[in-house]
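Numbering (the numbering used here), first residue to last: 15 to 335. The structure appears right after this line, and notes come after that.
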């Protein structure tokens, strides 16, 4: 787009300008408003429309900081196309400092906004928020980047929608070592992208509940490179330091005992079958109760960062090509 005024919610930007506004959802029982912040950066030159969202799981905060730092650095006079930013996609969960919507009143209500796509204007508040996000913002974009973080874990990977070459190339532009085609859960946003003919990439960057400068820096570099890849800004796409690993399958390894967890690997470590991943200790006598070992060769995709685990808690995600 470009060359004409671009409006999302109450944000309306003329060519070569940026505008700050909101997507209005409605109100809670006490009358307090439910609104999502939205920023439109409308380039002076024609080009694609990119949507960038963060904090759909609202304790995954690195994406919010990536957007906060990037917006003032983007020169709309030099931008080709338009960028729609929504830094806090689930405002109710954001208020609660929680990954999920903290309102669950009836059986069938949805609390995980990431699982609510495409939304429903006549259902629960999470479904309504999702519907507004889709119809008023995402529908106007050709490309969608959804910024995430691990909960409660370190994650660093780009996850393109399957069977889409444009999504794979956009994911590669982030220069993260892992390109993952094996997300641990169903991703309805990919189905939305397929139905609406959008190119969708989810990016996992770092921990939840605190700002991880290492992953924020990676994310900012990746976003600038993505803009170069889409030819929205000038400059050559920076090549990766090493070729990415394509993860086609993954598994979750859980604690067999509850207690105090000490991990022995980091995210992105390559491990062999039998490698010691973590140890669980009993807090009553500090005796070792479990050694968690890799059941096969693979790459550590996710490593929990909380030391408290229950029996059945997720500890490590292991992936392989």
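Just so it is clear, CB atoms sit at the ideal spot from N, CA and C, and this is done for glycine as well.
Residue i in three-state terms, based on DSSP
i: residue 142; result: helix
i: residue 103; result: coil
i: residue 332; result: strand
i: residue 109; result: helix
i: residue 15; result: Any answer about residue 15 is weak, because its pLDDT of 47 lies below 50 and its placement is not dependable; what the coordinates show is given next. The answer is coil: DSSP assigns residue 15 none of H, G, I, E or B.
Neighbour-count burial assignment, residue i, 16 or more Cβ in a 10 Å radius
i: residue 33; result: buried
i: residue 157; result: buried
i: residue 266; result: exposed
i: residue 24; result: exposed
i: residue 19; result: exposed
i: residue 232; result: buried
i: residue 134; result: exposed
i: residue 245; result: exposed
i: residue 285; result: buried
i: residue 64; result: buried
i: residue 224; result: exposed
i: residue 212; result: buried
i: residue 87; result: exposed
i: residue 206; result: buried
i: residue 42; result: exposed
i: residue 29; result: buried
i: residue 297; result: exposed
i: residue 77; result: buried
i: residue 323; result: buried
i: residue 13; result: For residue 13 there is no data in the structure shown, the boundaries of the chain being 15 and 335.
i: residue 320; result: exposed
i: residue 220; result: buried
i: residue 90; result: buried
i: residue 229; result: buried
Start-to-end residues for the alpha helix (DSSP H) that takes in residue i
i: residue 310; result: Per DSSP, residue 310 belongs to no alpha helix (DSSP H) and is neither H nor E.
Residue i at chain C interface by Cβ criterion, 8 Å
i: residue 335; result: Within the model displayed, chain C is absent; a lone protein chain is all it includes.
Beta-carbon spacing of residue i, residue j below 8 Å
i: residue 277; j: residue 318; result: yes
i: residue 216; j: residue 168; result: no
i: residue 102; j: residue 140; result: no
i: residue 105; j: residue 73; result: no
i: residue 259; j: residue 196; result: no
i: residue 291; j: residue 330; result: yes
i: residue 162; j: residue 243; result: no
i: residue 275; j: residue 294; result: yes
i: residue 52; j: residue 100; result: yes
i: residue 190; j: residue 236; result: yes
i: residue 150; j: residue 315; result: no
i: residue 222; j: residue 333; result: no
i: residue 288; j: residue 307; result: yes
i: residue 155; j: residue 98; result: yes
i: residue 271; j: residue 304; result: yes
i: residue 218; j: residue 164; result: yes
The beta strand (DSSP E) enclosing residue i, as first and last residue numbers
i: residue 277; result: 273 to 277
i: residue 295; result: 290 to 295
i: residue 21; result: 20 to 22
*Scan the segment 148 to 199 and note each continuous beta strand (DSSP E) run of 3 residues or more that stays entirely inside, going in chain order.*
157 to 162, 167 to 174 and 192 to 194
*Segments assigned beta strand (DSSP E), at least 3 residues, entirely inside the segment 28 to 93*: 31 to 41, 47 to 56 and 59 to 68
*Ranges of the beta strand (DSSP E) found wholly within the segment 187 to 262, counting only runs of at least 3*: Taken in chain order, the complete beta strand (DSSP E) segments of 3 or more residues contained in the segment 187 to 262 are 192 to 194, 213 to 219 and 259 to 261.
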